[in-house]
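Visitor:
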Amino acid sequence: DQQVKQNSPSLSVQEGRISILNCDYTNSMFDYFLWYKKYPAEGPTFLISISSIKDKNEDGRFTVFLNKSAKHLSLHIVPSQPGDSAVYFCAASGLIQGAQKLVFGQGTRLTINP
Amino acid sequence: KAGVTQTPRYLIKTRGQQVTLSCSPISGHRSVSWYQQTPGQGLQFLFEYFSETQRNKGNFPGRFSGRQFSNSRSEMNVSTLELGDSALYLCASSLLRHEQYFGPGTRLTVT
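Residue numbers (my numbering), protein chains in the order written: chain A, 429 to 542; chain B, 29 to 139.
(1) Does DSSP classify B:GLY131 as helix, strand or coil?
(2) In this structure, what does DSSP give as the bridge partners for A:PHE532?
(3) Identify every run of the beta strand (DSSP E) within the region 44-81 of chain B, keeping only runs that are complete inside it and at least 3 residues long; order them along the chain.
(4) Helix, strand or coil: how does DSSP classify B:GLY112 here?
(5) Can you tell me whether B:SER121 is buried or exposed, with buried defined as 16 or more other CB within 10 angstroms of its CB?
(6) With B:MET104 as the anchor, note down where its beta strand (DSSP E) starts and where it stops.
(7) Can you pull the chain C residues whose beta carbon is under 8 angstroms from the beta carbon of A:GLY511, in chain order?
(8) Go through the region 459-530 of chain A residue by residue and report every complete run of the alpha helix (DSSP H) that reaches 4 residues or more, in order.
(9) Under 8 angstroms, Cβ to Cβ, is there at least one residue of chain B near A:PHE490?
(10) Per the contact definition of three or more C-beta pairs closer than 8 angstroms, is the region 447-465 of chain A in contact with the region 488-501 of chain A?
(11) Check this for me: beta carbons of A:SER440 and A:ASN541, under 8 angstroms apart or not?
(12) Measuring only the C-alpha atoms, how far is A:CYS518 from B:GLU76?
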């Protein structure tokens, strides 16, 4: 049962344009959402997060949008840079069946073309 | 402050063998979580340890086990290895809820 889904395994974007990565979740008990970025041969690094009480959080070129009614979140990167090429994981956190869970999606490989 | 370290970085084992992976968390972090990463499956949660106690467990068979020591260092053991266990095993430590810091991972290949 994949509670957090990233339906696009890969995405290719021109440098300078906007990159939009999407993530859907199924469990309404999730109350905190995160995006991680992963380069090859390295562990994931935290990028940006959003609490369920907000619908938008911005940090420089990165903005995360949360649509609770649709159980959908997205990460916008603008403008996209070659160094943004990496695998992006979304994650959802919440108290599920009495335990704090952090569930990751399958990841989306973003390639920024010069 | 030193980051999360994992040893070894690469490992090749044959089916039926067992393996032990090690993780040293960031100093002061008492929570350590383990994940398995395979292509198309993302990061699958294995288990979490806090103060030497398993606090959370994912949906993996009993062949996968772990422990945490008093200095918060953690080990993960997989017995009777199967080909499907080939993956990148990631360890993450945290001080606060949500903020997980990952190590570089151990790439396990089972032949």
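A virtual CB, placed ideally from N, CA and C, is assigned to each residue, including glycine.
None of the values given here were measured: they were computed from a predicted structure.
Guide: Once the coordinates are examined:
(1) Residue state, collapsed to three classes: coil.
(2) Under DSSP, A:PHE532 takes part in a beta bridge, and its partners are A:ALA519.
(3) DSSP assignment within the region 44-81 of chain B yields the following whole beta strand (DSSP E) runs of 3 residues or more, N-terminal first: 47-52, 59-66, 70-78.
(4) For B:GLY112, the secondary structure class from DSSP, reduced to helix, strand or coil, is helix.
(5) Buried: at least 16 other Cβ atoms inside 10 Å.
(6) Segment 102-106, the beta strand (DSSP E) holding B:MET104.
(7) Any reference to chain C falls outside this structure, whose protein chains are A and B.
(8) Qualifying alpha helix (DSSP H) stretches: none in this window.
(9) A:PHE490 does not count as touching chain B.
(10) In this structure the region 488-501 of chain A lies against the region 447-465 of chain A, because at least three pairs of beta carbons, one per stretch, are closer than 8 angstroms.
(11) Cβ distance < 8 angstroms, so A:SER440 and A:ASN541 count as in contact.
(12) For A:CYS518 and B:GLU76, the distance between alpha carbons rounds to 19 angstroms.
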